[in-house]
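Peer 1: Here you go, one structure.
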Amino acid sequence: MAFPSPLAEGECFGFLGPNGAGKTTTVRMIHCVSPITAGEISVMGEPAHIDNRAIKMMTGVVPQEITLDRDLTVYENLRVFAYFFDIPGVEARRRIDELLAFVELEAKRNAKISDLSTGMKRRLLIARALLNKPRLIIADEPTTGPRPAGAAPDLAAAQASQAAGDDPDPHHPVYGRSAAAL
Ligand SMILES: Nc1ncnc2c1ncn2[C@@H]1O[C@H](COP(=O)(O)OP(=O)(O)OP(=O)(O)O)[C@@H](O)[C@H]1O
Ligand SMILES: [Mg+2]
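For the sequence shown, this note's numbering gives the first residue as 57, with consecutive numbering after it.
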């Protein structure tokens, strides 16, 4: 699989391919959870390799599979990720509140994952991917789920805004304005 290189900051790039082509594998290599067996990948100047924490810290991934902890609530799933990213408690709670509002899951804050619809789970994955204010957002199969018209454009806007490097950004879809404005 060959890519145009390099991708510019602020660029929204998508790739398509048949089942088994290697899209998810590529995402996993970029995100440093699968080994690179040929070629090389650089993310913001960092070489991708297994467990490169610098890349993980600046990347948000919406996975193809629903990788939520079923034993935890909606809030707790986000809180655990905030902990992974070393986001301090007060800031974590503030960001989680904003993101739950952004993906319109405030009413499900204390719900167990098993009580969510598939589309709600996808939205929670989007919130989780934005928690660390990533410079790079990767969505594997972004149109999967019952709100295909909603999820992908939101992510594209979030990526463009994040890549601009402004924080706080009045145009940021999460931190700058409400989801209702989108
Ligand atoms: N390091 C590796 N070496 C060899 N084969 C691999 C490696 N990693 C993944 N594969 C295999 O390569 C294939 C590509 O799978 P992958 O899930 O990346 O495809 P995909 O394009 O995301 O497909 P889908 O559209 O079904 O999601 C799979 O058969 C997978 O098991
Ligand atoms: Mg895949």
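The C-beta atom is built at its ideal place from N, Cα and C for all residues, glycine as well.
Output the boundary residues of the alpha helix (DSSP H) element that contains V83.
Peer 2: Unbroken alpha helix (DSSP H) run through V83: 79-86.
Peer 1: Using the rule of at least 16 other Cβ atoms within 10 Å of the residue's Cβ for burial, across every protein chain shown, is L63 buried or exposed?
Peer 2: With fewer than 16 Cβ atoms within 10 Å of its Cβ, L63 is classed as exposed.
Peer 1: Reducing DSSP to helix, strand and coil, say where I97 ends up.
Peer 2: Coil.
Peer 1: Report yes if the C-beta distance between A183 and L128 is below 8 Å; otherwise report no.
Peer 2: No, these two residues do not count as a Cβ contact at 8 Å.
Peer 1: I need the straight-line Cα distance from L181 to I97, nearest angstrom please.
Peer 2: Rounded to whole angstroms, L181 to I97 spans 24 Å at the Cα level.
Peer 1: With C-beta atoms as the reference, is I111 less than 8 Å away from E102?
Peer 2: Yes, the pair counts as a contact, with Cβ atoms nearer than the cut-off.
Peer 1: Quick check on the contact list: which residues have their beta carbon closer than 5 Å to a heavy atom of ligand 1?
Peer 2: After applying the 5 Å Cβ criterion, the set is N75, G76, A77, G78, K79, T80, T81.
Peer 1: At 4 residues or longer, what runs of the alpha helix (DSSP H) sit wholly inside the region 127-179?
Peer 2: Within the region 127-179, the complete alpha helix (DSSP H) runs of at least 4 residues are 130-140, 145-158.
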